[in-house]
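Trainee: As numbered in numbering that gives the first Met the number 0, residues 0 to 584 make up the first sequence, in order.
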Amino acid sequence: MNATIADLKNRFEDALVTAFGDEVAGIDPLLVPTSNPKFGDYQSNVAMALAKKLGKAPRAIADELVQTLDLSDLCEPLEIAGPGFINITLKTEYLQAQLAVMQRSDRLGVETAESPQRVIVDFSSPNIAKEMHVGHLRSTIIGDAIARVLEFQGQDVLRLNHVGDWGTQFGMLITYLQEVCPAALTTADALDLGDLVTFYKKAKQRFDDDPAFQEAARQQVVTLQSGDQKSDRAWKLLCNQSRREFQTIYDLLDICLTERGESFYNPYLQGVVDDLEQAGLLVEDQGAKCVFLDGFTNREGERLPLIIQKSDGGYNYATTDLAAIRYRIHTDGANRLIYVTDVGQANHFAQVFQVARRAGWILDGVEVVHVPFGLVQGEDGKRLKTRSGETVRLRDLLDEAIARARADLETRLKEEDRHESQAFIEHTSHIVGISAVKYADLSQNRTSNYIFSFDKMLALQGNTAPYMLYAYVRIQGISRKGQIDFGNLGADIKILLHEETEFALARHLLQLDELIGQVSQELMPNRLCQYLFELSQKFNQFYDRCPVLQAEEPTRTSRLVLCDLTARTLKLGLSLLGIQVLERM
RNA sequence: GGGUACUUAGCUCAGUGGAUAGAGCAACCGCCUUCUAAGCGGUCGGUCACAGGUUCGAGUCCUGUAGUACCCGCCA
């Protein structure tokens, strides 16, 4: 209905000028969806806004505007209500025609972007030599959903995995392994990843406690950075091992990423320093090269520096992020850079973006945006941990979700005396478990902290993945029972809306394109979740009130189309969240 | 100390400057001879943290206060 709104908006703008003169040219008619279905489909709030400017009562303005407007081809007669709201109800024939258009479209009436943007979505970004843990969950899931929505719009999306494959951590790890397990530095898979993680923790401990070790580790970083062959080989071995482990999780989650780690930008770091130097932004302070920031101060009120090159000559992550911005805009040609990381990095990104802007790297028309999300907390409201106090491995978390979904399914099969194949049970519990985790995360406003609960996300009722999967399954049930091929309902189908629940469902279906536009702008996947949940509710209400297969023609076919549109919308919407549907469950 | 975000029903959370602030869960009451009841309907539940301000209109914008979380110089 994007086109409908655009059309209404134009007609309102014209009518405003006709009624009140050029004084109101270009005024936004403030068309929004109504807050309550009893007010119709859309409302204009412009009369209240113009009251002061025109020196007239809002209702009088509304009245004049309504006299001027002719929307009889689209709408029922306009109504003025309350202080001066103009309520717009679309004609039933119009809704029916729009549904027919949607039905015929393989994109459900959602247009592709007119001029596709080059968009880079930077998400997931685990660290080499560490296991992916629950902290990576949100970035991975949210980033993937955002990328999918933009891809569906036809944007040219590059999904980048900015893995932590460089820096001090490797100095620590290599130095430590030289001492305790040199074989790991020369032989592939001499250690399994679990051991590597243990070694990493021990190395970190040494680094924090032992100044001599710290120095050796720093020196090792310099050696690595200078291109030393032995170090380079060890580094590559470690990276490969981690990479394979990450991939099993991405496969499990059905998520696709292009790896371009921090090390990728090594050749460009010196260029960052040179550029900043040339721009006159670089200041040497206590041996480190810094850019002093606007609007960031320490406790004495002095401007804070962003360290670009450390006193030992090394670079840190700010430098890498700056090099990445420069590369992504100037070499990749990106128009939009999206960083999906936890909100704790908000400061860091604000600082880096500021420096990039001042250095002139962010070209006109390029949007650089941090998409932050809150912490994953346990049911106690604290950072999610295992019972023993460790961070939760992502692998374990996903396995548990699947196991719980499976236990749940098997209980139900027993209760209902159903018999299903092993393959069915495996597949269903996998989809239900993974979807539940994804949906629980995505359905929350990403900026707030989120309380992780298996019980809630796997619940069969409420705003959960299983509820929506079930709505889809119900529709497939109709198709099986009636031997209906939704893809072949007939060429010239009439959709007829009579019942309240049919109207409510139809109106909701027609909002899909507006919603996708919004999500792609605001990058808030929870809005898509909300839409799909409401769609499922409205479908279930329709399903409850309106028999489909037993209905007389032409109602029967019309209802079948509503079912088909609902199923396709659910399938598409869920796919944009990275969630697959099931035919039966 | 500075910065940022948050505070909405018993719990978990939505909420785009517009009309009587909404869901889900929990509790209680109904509805399966029917396309899967994993569903639907209903009841109960609110000082939108507090105090000011802007506005025709504020949960939403601004200021202040309180509480909570996160970030703050060579880790990422």
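We treat Cβ as the ideally placed atom computed from N, Cα and C, and that holds for glycine.
This one's a predicted model, so the numbers in the text were calculated from it and none came from an experiment.
I need the DSSP call for A358, collapsed to helix, strand or coil.
Mentor: coil
Trainee: Measure the CB-CB distance between A211 and M171 and report whether it falls below 7 Å.
Mentor: no
Trainee: Go ahead and label G108 buried or exposed: buried means 16 or more other beta carbons lie within 10 angstroms of its beta carbon, across all protein chains shown.
Mentor: buried
Trainee: For Q443, count neighbouring Cβ atoms within 10 angstroms of its own Cβ and tell me buried if that reaches 16, exposed if not.
Mentor: buried
Trainee: Report yes if the C-beta distance between D164 and Y338 is below 7 Å; otherwise report no.
Mentor: Their beta carbons are not under 7 Å apart, which means D164 does not touch Y338 by this criterion.
Trainee: Put L252 into one of helix, strand or coil per three-state DSSP.
Mentor: helix
Trainee: For the alpha helix (DSSP H) containing H426, list its first residue and its last residue.
Mentor: DSSP places H426 in the uninterrupted alpha helix (DSSP H) bounded by Q421 to L441.
Trainee: Identify the continuous alpha helix (DSSP H) that holds Y267 and give its terminal residues.
Mentor: N265 to Q277
Trainee: Nearest CA to the CA of Y530: which residue from S123, R506 and H329?
Mentor: R506
Trainee: Could you work out which residue in A323, V31, T33 and A14 is closest to G25 when comparing CA atoms only?
Mentor: A14
Trainee: Return the CA-CA distance between A183 and G486, expressed in angstroms with no decimal places.
Mentor: 56 Å
Trainee: Could you tell me the alpha carbon to alpha carbon distance between G542 and L508, rounded to whole angstroms?
Mentor: The sequence shown places Tyr at residue 542, rather than the Gly named in the question. Going from the Cα of Y542 to the Cα of L508 covers about 15 Å.
Trainee: Work out the CA separation of R58 and A146 for me, nearest whole Å.
Mentor: 45 Å
Trainee: Count the other CB atoms within 10 Å of the CB of A402; is the residue buried (16 or more) or exposed (fewer)?
Mentor: With fewer than 16 other beta carbons inside 10 angstroms of its own, A402 counts as exposed.
Trainee: If contacts are defined as beta-carbon pairs under 8 Å, then A400 and G432 qualify, I think. What distance do you get, rounded to the angstrom?
Mentor: 4 Å between Cβ atoms; contact.
Trainee: Classify D512 as helix, strand or coil using the three-state DSSP reduction.
Mentor: helix
Trainee: Using 8 Å as the Cβ pair cut-off and three pairs as the minimum, do the region 71-87 and the region 33-44 touch?
Mentor: yes
Trainee: Helix, strand or coil: which one does DSSP assign to T88?
Mentor: coil
Trainee: Could you tell me whether the region 67-78 touches the region 295-303, where touching means 3 or more Cβ pairs closer than 8 Å?
Mentor: With the cut-off at 8 Å, the region 67-78 and the region 295-303 do not touch.
Trainee: For the beta strand (DSSP E) holding I306, just list the boundary residues, first then last.
Mentor: R302 to Q308
Trainee: In angstroms with no decimal places, state the Cα-to-Cα distance between I450 and G377.
Mentor: 6 Å
Trainee: Taking the straight line between their C-alpha atoms, what separation do you get for L17 and L53?
Mentor: Looking at the sequence shown, residue 17 is not Leu but Thr. If I take the Cα positions, the gap works out to 14 Å.
Trainee: When you compare only the Cα positions, how much space is there between Q116 and E110?
Mentor: 15 Å
Trainee: According to DSSP, is K413 part of a helix, a strand, or is it coil?
Mentor: Here K413 sits in helix by DSSP.
Trainee: Can you round the beta-carbon distance between L548 and V375 to whole angstroms, since I take them to be within the 8 Å contact cut?
Mentor: That belief does not hold up - the Cβ atoms of L548 and V375 are roughly 44 Å apart, past 8 Å.
Trainee: Mapping DSSP to helix, strand and coil, what is V365?
Mentor: coil
Trainee: Between the region 565-584 and the region 517-537, are three or more C-beta pairs nearer than 8 Å?
Mentor: yes
Trainee: How is E551 classed by DSSP in three states: helix, strand or coil?
Mentor: Coil.
Trainee: Are S310 and G332 touching if we call contact CB-CB under 7 Å?
Mentor: no
Trainee: With burial defined as no fewer than 16 other Cβ atoms inside 10 Å of the residue's Cβ, what is the status of V368: buried or exposed?
Mentor: exposed
Trainee: Three or more beta-carbon pairs under 8 Å between the region 566-581 and the region 468-475, yes or no?
Mentor: yes
Trainee: Roughly how many whole angstroms lie between the Cα atoms of D231 and N239?
Mentor: 12 Å
Trainee: According to DSSP, simplified to helix, strand and coil, what is A80?
Mentor: strand
Trainee: Tell me which same chain residues have a C-beta within less than 6 Å of the C-beta of A189, skipping the five on either side of it?
Mentor: A182 and A183
Trainee: Should T410 be labelled buried (16 or more other beta-carbon atoms within 10 Å of its own) or exposed?
Mentor: exposed
Trainee: Exposed or buried, which one is S519 when buried takes at least 16 other CB atoms within 10 Å?
Mentor: buried
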